[in-house]
Amino acid sequence: MTTWIDASCILIVFFALSILATSRIVGMIQIFVLQSFVLSLMPLFLHANAISAHDLLLSFGTMLLKAALVPFVLFWAIRHISMRSEVKPLIGLGSSIVCGALLIAGAFWVSLSLRLPGRPETDLGLPCSLATVLLGFMIMVTRTRAVTQVIGYLVIENGIFLFAVSLFDAMPTLIELGILLDIFVAVFIMAIVLNHINEEFEQNSDIASQSKMGETF
Amino acid sequence: MILSLLILTPFLCAVSVLLPVRRMFRVWMLCAAAVAHNAVVVSFWFRLPPAEWNGYLVLDPLGLIVLSIVSFLFLFVSVFGIGYFEHEQRLNRTFMTCLLLLLSTMTLVTVSYHMGLLWVAVETTTLFSAPLISFHRSRGSLEATWKYLLVCSVGIALALMGTFFLAIAAHDVRTLLLPSLLSAAPLLSVNWLKLSVIFLLVGYGCKMGLAPMHSWKPEAYGQATGMAVVLMAGGLTQCAFLAILRVSQICFKTGLSDFFSSILILTGVLSLVVPAIFILAEKNVKRSFSYSSIEHMGILALGLGLGGVGIFGALFHMINNALAKVVMFLTAGSIAQKYGSSRVDDVRGLIKTYPVTGLFLIVALLAGTGMFPFATFHSELMVLNAAVISGHYVLSGVAVLCLAVMFIGVSRIVLEMVHGQPTEPLLAKKENPFMNVAIAAAAVALVGLGLWMPQPLERVLREAAALLGA
């Protein structure tokens, strides 16, 4: 099973990097769905010998909320918001990938010096989750659209969640589900606020301020 | 049972105001929920409730202080709301629902005894407070809401990371329940704990609005209505501070106090210096009060960092800060409703047009900047005293200087608004007794605490300070 676990960890980082290298918002959300799907399988891979109700619930909850409901809300938001579909990065896609690769290298280097207690199932959990968090920050900082900032936030959350599931099970199920639910509600409220922002700017559409704020912040 | 009910009742009220009911029914519902909540919380001062949910929900003296603050804030705000919504025609369904949900989740924060549950509760308060900022749906308020949501969500995400690091540090304890963590403190791995403390401080500090994570504050407080700001500045920030106090409890038990205090003192000083720089160029009374709020958070952090009498001072300052925020932001909200603006250019000569509101603004200035006889004076003095006792002479000098600059900055705006050449109020509404009663009650309470500290309050403050090692 270790192969599957390692492969999933690497896939999650790879998807984060792909989101960084994508030029269309729809594409970003689709890759995010894939990333969340792989993430939701992690609890099952980790305890493949004896899958408990806790693992099943966590896996199902993640899949439902992160791979289905959150993307649904995001797609709803971009359908209602009149905006162009390309991403508008502050730095070019090529340089983004190079910076992303540097961040991944940095995450692996940092985690070399961190010693985990106990015997974790995989050595890749810590570096991969750190790399995903850093890539999420990078998406957030270098992409200027409001929706892309939400996607960056979600990638950060995926990184943190990878960390949580791959290293230990200290959290009771109820609280893990609470964390997931919170993230979903966060995205839901962000989508509503985005919609309000869009309405406001369509009503008073003087061009100068629209180009300034309607799509970018 | 009683704690669960205290969380559940406002939640059910929130569901009931979601239904299509009359506008004023929602306001009265908030009042009823606030009064009931307050009655239960006051009864806790005589006897603390037993633990619930297998020790996940516990009310200790620290939680009791914050819970009482939250409860009283809601009481003041709901009375103010009766007057406010008599004039405000805007649909208040989302606003009232979010207020009641906020009461429910803030109560949960104060009784959470599990670090994971605490995180969930704090994150939920962020989510339900965001729609309060955009009540007026103006361009500026939507932008402020977005900024608040993103900055705080990412900040809180870092706190989640910190919570997981804490779980690694507590690998041998296998739980994040506070009593287990505290009793097994020597088993915690120090390096992971340090990492966790940094992340938790940055995360919850962001929610609290400590400099340099304060960037959302002037925007959000400047745009939201007075009622919402009171709950954010007086309630939410204290809830985040409670989370930091929990971290402090763990650090105290594991002997990491020095490490923890040095970070707190650093952010505390930054939170005093940064607003003192920005206040001088400010033209909007709400924004200037929001800088004052950052400064108060700095005093809290400083008090906790300095230890000893500083901890007692910081805990006392939590109460005083909340009451001062009621006076400051409800007055600002009442001005904004009358003039449709809170900028100095639009609002002048208050004392002639609205004598009572003008007087309240002067009171707000004195209470907010910590003048005698308001209790903020005493708690700030205690923190400064702690700085001098512990030999931080330069630090106390800097703190006094920053407080003086804040006073000059805020009084410059307030005095011009009160005594300047009168401007015509845009919306021309009369003074409302409900609004004025709420502000006056908070001001009287603040003066009362400044002149006399009740015995039970002192006892609870001492017990709470003892939990933090003072």
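Quick mapping for you: the protein sequence lines, in order, are chains E and G. Residue 0 is where the first sequence starts when you use numbering that gives the first Met the number 0, and the numbers rise one by one after that. Residue 0 is where the second sequence starts when you use numbering that gives the first Met the number 0, and the numbers rise one by one after that. Cβ coordinates follow ideal geometry from the N, Cα and C atoms, glycine included.
Distance from G/C151 to G/T125 at the Cβ level is roughly 5 angstroms; contact confirmed, criterion being Cβ atoms closer than 8 angstroms.
Apart from the 5 residues on each side of it in sequence, G/G357 sits with its Cβ closer than 7 angstroms to the Cβ of L349, I350 and V417 in its chain, given in chain order.
Per the Cβ contact rule, the region 24 to 37 of chain G is not in contact with the region 427 to 438 of chain G (fewer than 3 Cβ pairs under 8 angstroms).
Under the three-state reduction of DSSP output, E/N197 falls in the helix class. The C-alpha of G/S256 is placed about 5 angstroms away from the C-alpha of G/C250. If you check each beta-carbon in the region 169 to 180 of chain G against every beta-carbon of chain E, the ones closer than 8 angstroms belong to A169, H170, D171, R173, T174 and L175.
Residues of the region 153 to 166 of chain E that bring their beta carbon within less than 8 angstroms of a beta carbon in chain G comprise I155, E156, I159, F162, A163 and L166, in sequence order. G/Y147 has its alpha-carbon roughly 27 angstroms from the corresponding atom of G/A366. Chain-ordered, the chain E residues with CB closer than 9 angstroms to the CB of G/P130 read I188, I191 and V192. E/P88 is bridged by DSSP to E/R142. Residue nearest to E/R78 within the set E/F162, E/P126 and E/I28 is E/I28 (criterion: CA-CA distance). In the DSSP assignment, E/W3 falls within the unbroken alpha helix (DSSP H) covering T1 to L19.
For G/I310 against G/A464, the beta-carbon gap comes to about 5 angstroms, under 8 angstroms, which counts as contact. Distance from the CA atom of G/L450 to the CA atom of G/G234, rounded to whole angstroms, is 24 angstroms. The continuous alpha helix (DSSP H) containing G/K337 extends over residues V308 to Y338.
Here E/H46 is not near G/L141, since their CB atoms are 8 angstroms or more apart. By the C-beta criterion, the region 76 to 91 of chain G is judged not to be in contact with the region 104 to 117 of chain G, since fewer than 3 inter-stretch pairs fall below 8 angstroms. Comparing alpha carbon positions, the residue from G/A166, G/D171 and G/V246 closest to G/L200 is G/V246.
Take the alpha-carbon of E/C98 and the one of E/L16: they are about 10 angstroms apart.
One thing to note: E/V164 has its Cβ within 8 angstroms of the Cβ of E/M41. One thing to note: E/G177 has its Cβ no nearer than 8 angstroms to the Cβ of E/G151. Against chain E, the CB of G/A166 has a partner CB under 8 angstroms away; the residue lies at that interface. Against chain G, a Cβ distance below 7 angstroms from E/H53 picks out nothing, because the smallest value is about 14 angstroms. The shortest CA-to-CA distance from G/V362 to any of G/A442, G/I132 and G/F406 is the one to G/A442. Any Cβ of chain E closer than 8 angstroms to the Cβ of G/G204 would place that residue at the interface, and such an atom is absent. Among the CB atoms of chain G, one or more fall inside 8 angstroms of the CB of E/A185.
The bridge partners DSSP lists for G/E51 are G/L56. Exposure of G/P455 is indicated by the presence of fewer than 16 other C-beta atoms within 10 angstroms of its C-beta.
In summary, the residues of the region 149 to 164 of chain G whose CB is separated from some CB of chain E by less than 7 angstroms are L149, S152, V153, A156, L159, M160 and F163, in the order they occur in the chain.
Between the beta-carbon of E/R144 and that of E/V186 there is about 15 angstroms, and that puts the pair past the 8 angstroms contact cut.
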